[in-house]
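Engineer: Protein chains in written order, with this note's numbering: chain A, 1 to 323; chain B, 324 to 646. In this text, a Cβ means the ideal position worked out from N, Cα and C, and glycines have one as well. Keep in mind that this is a model prediction, so the values were computed, not measured. Here it is, the structure in full.
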């Protein structure tokens with residue numbers, strides 16, 4: 001690394017500015033089209049409150065006109081009504097956020113902050129969508145929210161294009177948090193470090209959202225925290241699309257800040273997540289390793305894992321690496 | 324880090340001096356007292372040859388007088404006769420090694436090199452056993468072998484004691500390879516980096532043997548390789564005691580040296596290791612995470628995983644953290 005933090009991890013683990021964002025319902029919901037059993041959302045919420053987690057992501061703010069029918073559960077849309085049914089006025093220290101996908105969001109679905117229990121809007125975008133993403137960013141900031149920009153699939157973006165995009169973001173004062181997102185789980189620490197240095201030039205507070213295709217989600221999140229990233233995305237037992245994410249319990253066990261409390265998180269993992277993991281396939285497996293190594297979207301691995309040849313590693317490898 | 328390699332990983336992944344040591348039979352054998360089915364050893368061996376692996380560890384050279392009876396399989400003892408039955412004269416590019424535990428080895432069981440197909444003797448020792456370990460080291464070197472010293476459980480050794488021990492090793496010319504061993508899977512990259520810098524002062528070629536309690540075995544092994552460590556221990560599908568080790572397939576997929584070949588390794592993982600993993604419990608799980616975070620020997624977690632309350636994470640956490 002060209003530039004290392006002069007803070008040791010011993011210091012970083014106590015850093016009061018480190019925030020954990022639990023994305024279990026939002027990213028985990030990609031495993032079951034957000035069709036969780038009754039009580040699951042409240043379980044995550046209560047666990048986040050008891051565990052001292054800083055933010056909980058309740059789901060997406062997707063446009064219902066684009067996703068008609070009953071295929072998707074309520075956290076694909078995260079209506080104010082549904083959120084309040086679970087959390088009331090959210091009279092806790094836990095902040096709530098929702099993700100707005102660029103191109104899939106109707107700005108009318110995002111209420112003014114003073115009418116919502118949401119605190120933070122996270123705008124997800126590919127590099128070529130940045131102008132459209134900034135419309136959501138500015139709208140959310142005007143309405144009174146904290147705003148994050150999550151730049152997806154950066155591992156496939158050429159350096160010059162990324163630097164141009166980041167230069168654009170530098171001047172957007174409405175962005176509070178800018179996220180390094182390893183969508184394909186293809187990055188290791190040197191690459192994460194390189195992105196952090198580039199993203200720091202925007203002057204924004206940084207976040208990281210990692211995927212576990214190479215068993216590196218926790219390692220990369222820890223590395224990011226030690227090197228100045230403040231917003232750390234996790235999910236309970238790592239539940240998330242494909243290989244999943246940095247497990248909340250692993251990161252909380254590492255951080256020493258007494259605001260965090262591992263025991264209620266372990267309780268939820270034991271009694272809710274572990275049983276759920278017997279029914280839904282998420283987390284590291286060899287097909288996800290292969291797409292991670294190849295820097296490819298995990299969709300082919302997800303299809304394999306959902307088929308009757310889920311452990312045909314060699315056949316999958318041959319397909320993915322065929323010319 | 325006080326001192327970083329000026330080589331990027333892009334360079335390191337091609338480094339011809341990086342060697343992979345597959346420990347599946349030796350460390351994986353700790354999961355089943357080395358009672359593998361017929362054909363397993365040969366399967367690992369053939370896979371290592373086809374995969375371009377540099378060394379295969381065949382097992383321990385334990386003293387049969389200390390382990391009487393039939394509880395342990397043949398790779399607890401790794402007699403020359405048993406090895407040759409599997410590999411003949413080992414007329415391949417794959418080197419073979421065996422582990423000699425300090426205090427559990429009869430020097431008479433280690434033949435002169437010119438009578439053995441073994442190439443490397445790895446001497447495992449705790450810090451307080453170093454004088455006894457050096458007797459094995461010198462005997463093995465006198466007999467003509469390459470020799471490694473694996474210093475176990477270093478995460479519990481005070482710095483001044485470690486530095487004294489390393490100073491002793493500096494002058495032992497019979498040691499070819501000195502191993503950083505994360506016995507409890509409790510270390511993360513900054514700590515690995517600190518140990519590497521201390522160990523480098525001995526002037527030895529370094530190795531790393533990692534455990535996966537915190538999903539960091541691969542991350543730490545990769546970090547070590549990028550920071551100058553040359554001997555990288557792995558096991559097929561990460562099979563090893565407790566949380567297991569750095570998976571061979573993950574590391575081979577990362578390294579770009581064309582001598583390595585992922586496909587035969589995936590074939591063995593698919594057809595042998597994956598079915599075996601349905602019968603034997605190894606690899607990351609929450610109880611191993613807990614002992615890793617606590618820097619404790621995994622034996623309590625192993626006992627839990629072998630009991631009828633294997634997923635009682637909260638009960639186990641309460642036991643481990645009780646005062």
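1) Considering only residues of the same chain and omitting the five flanking positions on each side of residue 25 of chain A, which have a CB-CB separation below 8 Å?
2) Give me the subset of the region 262-280 of chain A whose CB atoms are less than 8 Å from a CB atom of chain B, sorted by chain position.
3) Can you tell which of B:580, B:495, B:474 has its C-alpha closest to the C-alpha of residue 485 of chain B?
4) Could you say if the region 529-545 of chain B and the region 507-520 of chain B meet the contact criterion of at least three C-beta pairs nearer than 8 Å?
5) Work out the CA separation of residue 389 of chain B and residue 573 of chain B for me, nearest whole Å.
6) Would you say residue 519 of chain B faces chain A, with C-beta separation under 8 Å as the test?
7) Looking at chain D, is there any beta carbon in it that lies within less than 8 Å of the beta carbon of residue 239 of chain A?
8) Does any CB atom of chain B fall closer than 8 Å to the CB of residue 52 of chain A?
9) Using the beta-carbon of each residue, which ones in chain A are nearer than 7 Å to residue 637 of chain B?
10) Find out if the Cβ-Cβ distance for the pair residue 203 of chain A, residue 243 of chain A is shorter than 8 Å.
11) On the three-pair Cβ rule with 8 Å, is the region 489-509 of chain B touching the region 517-525 of chain B?
12) Note down, in chain order, every chain A residue with its Cβ under 8 Å from the Cβ of residue 634 of chain B.
13) Look at the Cβ atom of residue 556 of chain B, then the Cβ atom of residue 344 of chain B, and state whether they are nearer than 8 Å.
14) In whole angstroms, what separates the C-alpha of residue 657 of chain B from that of residue 554 of chain B?
15) Please classify residue 4 of chain A: is it buried, with 16 or more other beta-carbons within 10 angstroms of its beta-carbon, or exposed?
16) Name the DSSP bridge partner or partners of residue 120 of chain A?
17) Identify every run of the beta strand (DSSP E) within the region 175-211 of chain A, keeping only runs that are complete inside it and at least 3 residues long; order them along the chain.
18) Is DSSP giving residue 326 of chain B helix, strand or coil here?
19) Would you call the region 621-640 of chain B and the region 288-304 of chain A in contact, with 3 or more CB pairs under 8 Å?
20) From the DSSP output, in three-state form, read off residue 20 of chain A for me.
21) Counting contacts by CB-CB distance shorter than 8 Å, is residue 222 of chain A in contact with chain B?
22) Quickly, what does DSSP pair residue 382 of chain B with across the bridge? List them, please.
23) Starting from residue 302 of chain A, trace the alpha helix (DSSP H) both ways and give me its first and last residue.
24) Using DSSP with H/G/I as helix, E/B as strand and the rest coil, what is residue 234 of chain A?
25) How would you list, in chain order, the residues of chain A whose beta-carbon sits under 8 Å from the beta-carbon of residue 532 of chain B?
26) Would a check of beta-carbon distances place residue 236 of chain A closer than 8 Å to chain B?
27) At a Cβ cut of 9 Å, what residues of the region 573-585 of chain B count as close to chain A, listed as they run along the chain?
28) Kindly list, in the order they appear in chain A, the residues whose Cβ is closer than 9 Å to that of residue 616 of chain B.
29) Which value, in whole angstroms, describes the spacing of the CA atoms of residue 635 of chain B and residue 63 of chain A?
30) Opposite residue 570 of chain B in the DSSP bridges: which residues?
31) With a Cβ-Cβ cutoff of 8 Å, do residue 495 of chain B and residue 457 of chain B count as a contact?
32) What's the C-alpha gap between residue 253 of chain A and residue 436 of chain B?
33) Confirm, please, whether the CB-CB distance from residue 562 of chain B to residue 354 of chain B is below 8 Å.
34) Does the distance from the CB of residue 460 of chain B to the CB of residue 472 of chain B come in under 8 Å?
35) Between residue 368 of chain B and chain A, is any beta-carbon pair separated by less than 8 Å?
36) Determine whether the beta carbon atoms of residue 468 of chain B and residue 442 of chain B lie at a separation below 8 Å.
Structural biologist: To lay it out plainly:
1) The beta carbon of residue 25 of chain A sits closer than 8 Å to the beta carbons of 34, 36, 40, 41, 44, 56, 57, 58, 59, 75 from its chain, once the five residues preceding and following it are set aside; these are given in chain order.
2) Hits within the stretch, in order: 262, 263, 266, 267, 269, 270, 274.
3) Comparing Cα-Cα distances from residue 485 of chain B to each of B:580, B:495, B:474, the minimum goes to B:474.
4) Result yes; three or more Cβ-Cβ pairs closer than 8 Å.
5) A straight line joining the alpha-carbon of residue 573 of chain B with that of residue 389 of chain B spans about 36 Å.
6) Residue 519 of chain B does not count as touching chain A.
7) No chain D is part of this structure, whose protein chains are labelled A and B.
8) So no, residue 52 of chain A is outside the interface.
9) Correct list: 263, 266, 267, 270.
10) Taking 8 Å as the Cβ cut-off, residue 203 of chain A and residue 243 of chain A do not qualify as a contacting pair.
11) With a cut-off of 8 Å, the region 517-525 of chain B and the region 489-509 of chain B count as touching, because enough Cβ pairs lie within range.
12) 270, 274, listed in chain order.
13) For residue 556 of chain B and residue 344 of chain B, yes; Cβs fall inside 8 Å.
14) As displayed, chain B neither begins before 324 nor continues past 646, which places residue 657 of chain B out of reach and without an answer.
15) Any reading at residue 4 of chain A needs caution, since the residue's pLDDT is 42, under 50, leaving its predicted position unreliable; the model's value is listed next. Residue 4 of chain A counts as exposed, since fewer than 16 other beta carbons sit within 10 angstroms of its beta carbon.
16) Its beta-bridge partners are A:97, A:146.
17) If you keep only unbroken beta strand (DSSP E) runs of at least 3 residues inside the region 175-211 of chain A, you get 177-181, 205-209.
18) Confidence in residue 326 of chain B is poor, its pLDDT being 38 and thus under 50, which makes the residue's placement unreliable; the coordinate value appears in the next sentence. Looking at residue 326 of chain B - three-state DSSP - the assignment turns out to be coil, as it is neither helix nor strand.
19) In short, these stretches do not touch, since the Cβ pair count stays below three.
20) Residue state for residue 20 of chain A is assigned as strand, using DSSP reduced to three classes.
21) Interface annotation, residue 222 of chain A: in contact with chain B, CB-CB separation under 8 Å.
22) Here residue 382 of chain B is bridged, per DSSP, to B:421.
23) Under the DSSP assignment, residue 302 of chain A falls in the alpha helix (DSSP H) whose first and last residues are 299-305.
24) Annotated three-state conformation of residue 234 of chain A is strand, per DSSP.
25) Using a Cβ-Cβ cut-off of 8 Å, residue 532 of chain B is close to nothing in chain A; its nearest Cβ partner there is about 17 Å away.
26) No, because no Cβ of chain B sits closer than 8 Å to the Cβ of residue 236 of chain A.
27) Of all residues in the region 573-585 of chain B, 573, 576, 577, 585 have a Cβ within less than 9 Å of some Cβ in chain A.
28) Ordered by position in chain A, the residues that pass the 9 Å Cβ test against residue 616 of chain B are 250, 253, 254, 262.
29) Distance from the CA atom of residue 635 of chain B to the CA atom of residue 63 of chain A, rounded to whole angstroms, is 41 Å.
30) The partner list for residue 570 of chain B (beta bridge, DSSP) reads B:558.
31) Yes, the pair counts as a contact, with Cβ atoms nearer than the cut-off.
32) Taking the straight line from one Cα to the other gives about 47 Å.
33) It is a contact, given that the beta carbons lie within the stated cut-off.
34) A contact, by the Cβ cut-off of 8 Å.
35) Cβ-Cβ to chain A under 8 Å: no for residue 368 of chain B.
36) Yes; because the gap between Cβ atoms is below 8 Å, this pair is in contact.
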